[in-house]
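Asker:
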Amino acid sequence: MRRFSTTANESHSDRQFQQSDETQSNNPIFIGDNGIALETISSNTSDDSSRSGYSTQESSHLMTSTNPPKNRWRIASTILFNFTSGFSDAAPGALLPHIESYYNINYAITSCIWVSNAVGFILIAAFSHKIQPWFGKRNSLPISNALSCVMYAIVASGTKFPVVVLGFFFGGCGLAMVAAQCNIFLSRLDKQSKYLAYYHGGYGIGATISPLIATSIVNSGVSWNLFYLILLGLMVITAINLYFSFQNADEDLKPWDHDEAVHSSSTSVELENLDSRITNTTNNANTTTQTSEMVLALQSHVTWLIAFFCLCYQGAEVSLAGWIVTFLLDYRHSDANSTGYIASGLWGGLTFGRLLLTRPIHKYIGLRRGVFMVSLVSIILVLLTWVVPVIVVEAVLVSLAGIFIGPNYPLLITYAALPGLIPRKIQVVSITIMTAFGSTGGALFPFIVGVLSQKVGTFVVLPVFIVLYAFMVFLWMLLPNTERQNKQNQTQLNFWERIW
Numbered sequence: 001m002r003r004f005s006t007t008a009n010e011s012h013s014d015r016q017f018q019q020s021d022e023t024q025s026n027n028p029i030f031i032g033d034n035g036i037a038l039e040t041i042s043s044n045t046s047d048d049s050s051r052s053g054y055s056t057q058e059s060s061h062l063m064t065s066t067n068p069p070k071n072r073w074r075i076a077s078t079i080l081f082n083f084t085s086g087f088s089d090a091a092p093g094a095l096l097p098h099i100e101s102y103y104n105i106n107y108a109i110t111s112c113i114w115v116s117n118a119v120g121f122i123l124i125a126a127f128s129h130k131i132q133p134w135f136g137k138r139n140s141l142p143i144s145n146a147l148s149c150v151m152y153a154i155v156a157s158g159t160k161f162p163v164v165v166l167g168f169f170f171g172g173c174g175l176a177m178v179a180a181q182c183n184i185f186l187s188r189l190d191k192q193s194k195y196l197a198y199y200h201g202g203y204g205i206g207a208t209i210s211p212l213i214a215t216s217i218v219n220s221g222v223s224w225n226l227f228y229l230i231l232l233g234l235m236v237i238t239a240i241n242l243y244f245s246f247q248n249a250d251e252d253l254k255p256w257d258h259d260e261a262v263h264s265s266s267t268s269v270e271l272e273n274l275d276s277r278i279t280n281t282t283n284n285a286n287t288t289t290q291t292s293e294m295v296l297a298l299q300s301h302v303t304w305l306i307a308f309f310c311l312c313y314q315g316a317e318v319s320l321a322g323w324i325v326t327f328l329l330d331y332r333h334s335d336a337n338s339t340g341y342i343a344s345g346l347w348g349g350l351t352f353g354r355l356l357l358t359r360p361i362h363k364y365i366g367l368r369r370g371v372f373m374v375s376l377v378s379i380i381l382v383l384l385t386w387v388v389p390v391i392v393v394e395a396v397l398v399s400l401a402g403i404f405i406g407p408n409y410p411l412l413i414t415y416a417a418l419p420g421l422i423p424r425k426i427q428v429v430s431i432t433i434m435t436a437f438g439s440t441g442g443a444l445f446p447f448i449v450g451v452l453s454q455k456v457g458t459f460v461v462l463p464v465f466i467v468l469y470a471f472m473v474f475l476w477m478l479l480p481n482t483e484r485q486n487k488q489n490q491t492q493l494n495f496w497e498r499i500w
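Mapping of the sequence shown onto UniProt numbering: residues 1 to 500, in sequence order.
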């Protein structure tokens with residue numbers, strides 16, 4: 001997506017990208033029904049589009065579910081993958097008391113599974129910008145699934161706990177190779193917020209079902225580790241679907257992978273006045289290596305703001321989902337056989353929010369305001385969960401909190417794909433960094449909660465959630481209000497407009 005505006009506090013690297021992107025086209029801008037700027041391309045671009053095998057009209061717009069033809073299958077395959085990911089991620093929360101008793105370990109040691117998972121994710125994410133060119137879209141996705149299968153096979157064996165921790169490391173490696181690719185693919189579709197809602201809603205559905213099945217299995221006397229055999233079967237099916245649905249993806253998705261240089265027959269006064277440095281920037285951008293793209297992504301202040309937003313968001317989400325059952329057992333003395341189902345209520349609410357609220361929030365409220373609203377409501381509901389000592393009321397509040405926690409992530413990814421926020425050239429690398437930070441938060445903060453729980457009690461999960469969400473709202477305030485800039489076609493905003 002090309003960049004048309006800037007804010008006063010942009011970094012030097014951001015301005016370079018804006019300039020190089022702006023030199024590519026001076027054609028009229030139209031806003032589609034998804035709120036994304038679409039360009040009309042002059043007839044002089046036919047040579048560029050013919051090299052990719054697509055018409056000018058097709059390559060100038062975002063992808064749709066039917067263009068290229070396999071996209072519908074690809075969308076379904078990515079949703080199936082995220083369903084399996086949610087099924088996997090929600091399991092430890094319901095199984096945590098059984099894992100502790102099985103290995104006779106405390107909260108802090110059990111939390112090592114999340115840390116190991118994050119280490120694997122970060123290790124692969126650091127090389128993600130090279131992995132896809134090495135293996136291609138078609139091969140890198142099932143390879144990631146194979147690593148996840150290694151994790152499930154190890155955990156299902158019920159072997160020694162250090163080996164199980166190693167298994168979670170492989171699971172983190174597998175997730176890192178595919179998460180950013182799926183988010184990028186869906187964010188480039190027309191009406192991307194809808195498909196991102198389906199994608200992350202699939203995660204929520206898997207996470208809702210998982211504690212129900214896990215709790216039922218252990219209540220029936222089956223060992224907790226055998227639950228992971230179900231995940232092993234699901235991931236095999238997912239790998240097959242991803243492999244065949246992304247066949248030839250490197251070729252037919254190529255027109256949307258990078259901004260192509262557009263040569264217009266007419267040139268605006270502004271473009272005529274641009275000096276030769278901008279031309280040099282454009283030429284250099286076309287030859288930038290993958291390594292330099294990583295460096296430039298790291299130099300972007302927007303990348304870091306959204307990365308820490310993801311760190312706080314997933315840290316809060318996974319901490320609450322992972323420790324709420326243990327908190328209710330320890331402090332509310334709830335029934336051990338039924339408390340696991342409350343975790344399903346949280347994930348069920350999250351699924352509902354992602355599937356049914358994401359698109360309406362985007363359309364009627366806006367991405368920026370929507371994130372503010374759902375975040376503040378989430379804080380209030382978790383605060384009430386902390387202060388109201390009635391188990392039935394808490395179960396309802398946790399489910400309601402899930403509804404408002406859910407839309408945040410797809411709204412964030414949609415916002416990150418807006419023109420003017422992150423240059424298209426470094427979007428893949430930037431979003432990979434964001435997802436790496438998200439996974440780190442999803443491992444680091446549950447571990448911190450585990451260590452604190454060992455010292456002061458599991459109630460700390462609730463204040464930790466509130467603090468993380470408050471900091472998340474602060475980071476969101478610091479992001480450029482690209483949504484308003486695009487709508488008003490102006491770069492200078494007053495204080496209130498920059499925030500709201």
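Here a beta-carbon is modelled for each residue, glycine too, at the ideal position from N, C-alpha and C.
Less than 6 Å between C-beta atoms, sequence neighbours within five positions excluded: which residues of the same chain meet that for Val473?
Answerer: Ser375, listed in sequence order.
Asker: Around the Cβ of Ser399, are there at least 16 other Cβ atoms within 10 angstroms (buried) or fewer (exposed)?
Answerer: Buried: at least 16 other Cβ atoms inside 10 Å.
Asker: Where are the alpha helix (DSSP H) runs, 4 residues long or more, that stay fully inside the stretch 389-427, in chain order?
Answerer: Those alpha helix (DSSP H) runs which fall completely within the stretch 389-427 and span 4+ residues are 391-405, 408-416.
Asker: So, at 7 Å on beta carbons, what are the nonlocal neighbours of Asn280 in its own chain, with the 5 sequence-adjacent residues on each side left out?
Answerer: Legend: pLDDT at Asn280 = 42, less than 50; position of this residue unreliable, no value from coordinates given.
Asker: Can you name, in chain order, every residue of its own chain whose Cβ lies under 8 Å from the Cβ of Ile213, other than the five neighbours on each side?
Answerer: Within the same chain, Ile213 has close Cβ partners Phe227, Ile230.
Asker: Exposed or buried, which one is Ser428 when buried takes at least 16 other CB atoms within 10 Å?
Answerer: Going by the sequence as given, residue 428 is Val instead of Ser. Val428 comes out buried.
Asker: What three-state label does DSSP hand Leu189 in the structure shown?
Answerer: Leu189 falls in the strand class under three-state DSSP.
Asker: Answer with buried or exposed for Glu483, where buried requires no fewer than 16 other C-beta atoms within 10 angstroms of its C-beta.
Answerer: It counts as buried.
Asker: In chain order, what residues of the same chain lie with their CB nearer than 6 Å to the CB of Ile403, ignoring the 5 residues before and after it?
Answerer: Correct list, in chain order: Gly349, Phe352, Gly353.
Asker: If you check the beta carbons only, do Cys182 and Thr78 fall under 8 Å apart?
Answerer: For Cys182 and Thr78, yes; Cβs fall inside 8 Å.
Asker: Applying the criterion that 16 or more other CB atoms from any shown protein chain within 10 Å of the CB defines a buried residue, is Trp500 buried or exposed?
Answerer: With fewer than 16 Cβ atoms within 10 Å of its Cβ, Trp500 is classed as exposed.
Asker: Less than 7 Å between C-beta atoms, sequence neighbours within five positions excluded: which residues of the same chain meet that for Asn248?
Answerer: Contacts found: none.
Asker: What residues in its chain sit with their C-beta under 8 Å from that of Ser245, if we drop five residues either side in the sequence?
Answerer: Around Ser245: Lys70, Trp73, Arg74, Ala76, Ser77.
Asker: Whose C-beta lies closer than 6 Å to the C-beta of Val377 among residues of the same chain, with five residues either side of it excluded?
Answerer: If we look at Val377 and ignore the five residues flanking it on each side, its Cβ neighbours are Phe404.
Asker: Could you tell me how far apart the beta carbons of Thr440 and Ile122 are, in whole angstroms, since I believe they sit closer than 8 Å?
Answerer: At roughly 6 Å, the Cβ-Cβ gap stays under 8 Å, so Thr440 and Ile122 are in contact.
Asker: What residue range is occupied by the uninterrupted alpha helix (DSSP H) comprising Met472?
Answerer: Where Met472 is concerned, the enclosing alpha helix (DSSP H) stretches over 461-478.
Asker: Hey, Val449 and Val460 are a contact pair by Cβ (cut 8 Å); roughly how many whole angstroms apart?
Answerer: Yes, Val449 and Val460 are in contact; Cβ-Cβ is about 6 Å, under 8 Å.
Asker: Tell me, which residues are paired with Met63 by DSSP?
Answerer: Leu189, per the DSSP bridge assignment.
Asker: Should Trp496 go down as buried or exposed, given a rule of 16 or more other Cβ atoms within 10 Å for buried?
Answerer: The residue in question, Trp496, is exposed, as its Cβ has fewer than 16 Cβ neighbours within 10 Å.
Asker: With 8 Å as the threshold, decide whether the Cβ of Leu357 is near any Cβ in chain C.
Answerer: The displayed structure is made up of one protein chain only, and chain C is not part of it.
Asker: Taking the C-alpha atoms as reference points, what is the distance between Tyr152 and Gly171?
Answerer: Tyr152 and Gly171: Cα-Cα distance of roughly 8 Å.
Asker: Just the Cα atoms here: how many angstroms apart are Ala336 and Leu96?
Answerer: Going from the Cα of Ala336 to the Cα of Leu96 covers about 12 Å.
Asker: By DSSP, does Leu357 sit in helix, in strand, or in coil?
Answerer: Leu357: coil per DSSP, three-state reduction.
Asker: Inspect the beta-carbon positions of Thr358 and Ala197 and report whether they are closer than 8 Å.
Answerer: Contact flag set, yes.
Asker: Could you work out which residue in Gln314, Val387, Thr339, Ile131 is closest to Gly406 when comparing CA atoms only?
Answerer: Gly406 has its Cα closest to that of Gln314, out of Gln314, Val387, Thr339, Ile131.
Asker: My understanding is that Phe465 touches Leu320, with C-beta atoms under 8 Å, so please give their C-beta distance in whole angstroms.
Answerer: About 5 Å; that satisfies the 8 Å criterion.
Asker: From Leu383 to Trp323, what distance separates their C-alpha atoms?
Answerer: Straight-line Cα distance between these residues: approximately 15 Å.
Asker: For Ser59 and His98, what's the separation of their Cα atoms in angstroms?
Answerer: Note on Ser59: pLDDT 44, under 50, position unreliable in the model; the coordinate value appears next. So the alpha carbons of these two residues sit roughly 53 Å apart.
Asker: Could you check what DSSP says for Gln247 in three-state terms: helix, strand or coil?
Answerer: It is coil, neither helix nor strand.
Asker: So for Asn481, helix, strand or coil by DSSP?
Answerer: Three-state result, Asn481: coil.
Asker: DSSP state of Trp496, grouped into three classes?
Answerer: Trp496 falls in the helix class under three-state DSSP.
Asker: May I have a chain-ordered list of the beta strand (DSSP E) segments no shorter than 3 residues that lie completely inside the stretch 217-247?
Answerer: DSSP runs (the beta strand (DSSP E)) wholly in the stretch 217-247: none.
Asker: Whose C-beta lies closer than 8 Å to the C-beta of Leu166 among residues of the same chain, with five residues either side of it excluded?
Answerer: Around Leu166: Ser116, Ile154.
Asker: Considering only the alpha carbon of each residue, which of Ile379, Phe168, Val178 lies closest to Tyr469?
Answerer: Nearest option by C-alpha distance: Ile379.
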